[in-house]
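Numbering (the numbering used here), first residue to last: 1268 to 1466.
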């Protein structure tokens, strides 16, 4: 039973209503908030097919709920839901779209320079030989996204050292997304270790 104003009787009366109406009235604040966030930055799409509009709306709701969960885990209790701290909803959607659309890029990072000088070289005062090592690394957003990391067998000519930490064996498997080499056999699976976050 819910109480509503009766225009004919000019008073408030009790009327029967389904249980779902009571639940909706109880949590209407959350529903209104979600509708407001959806309207703020809608995904621009036009389609006459109802299921296409439904799918895009589901994607929009997933992005909004992910943004809310991210801020709740960061301990942000701000009541201003349009900004919700320092990371706005618009920026969150933009960064998510960029991360999903861009191709993985390998970053060339110079490691420590090692001076290779023997005692004989010092006596002869020969020039210092510097060995520079370069290491290929993939951004954590791509490395740990758990999506489409397929092993590809490569030829012996292109084989190189395994990129997994604590492993330096020469292998013939490559990740289709990260473009890094790793071990893959019955005794060792560096691919799983490489794509699993340590945190």
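Just so it is clear, CB atoms sit at the ideal spot from N, CA and C, and this is done for glycine as well.
How would you label residue 1399, buried or exposed, when you count the other beta carbons within 10 angstroms and need 16 or more for buried?
In this prediction, residue 1399 scores a pLDDT of 32, lower than 50, which makes its location untrustworthy; the coordinate-derived value is nonetheless stated afterwards. By the neighbour-count rule (16 or more Cβ atoms within 10 Å), residue 1399 is not buried but exposed.
Once DSSP output is grouped into helix, strand and coil, what is the label at residue 1357?
helix
Could you tell me the alpha carbon to alpha carbon distance between residue 1445 and residue 1427, rounded to whole angstroms?
15 angstroms
Simplified DSSP assignment, three categories, for residue 1459
Of the three classes helix, strand and coil, the one that applies to residue 1459 here is helix, per DSSP.
Residue 1415, buried or exposed, once every other Cβ within 10 Å from all chains shown has been counted against 16
exposed
Name the one or two DSSP bridge partners that residue 1427 has.
1438
I need the straight-line Cα distance from residue 1288 to residue 1271, nearest angstrom please.
Spanning the two alpha carbons is a distance of roughly 13 angstroms.
C-alpha gap between residue 1418 and residue 1339, whole angstroms
36 angstroms
Tell me whether residue 1405 sits in a helix, a strand or coil according to DSSP, three-state version.
If DSSP states are grouped into helix, strand and coil, residue 1405 belongs with coil.
With residue 1270 as the anchor, note down where its beta strand (DSSP E) starts and where it stops.
1269-1273
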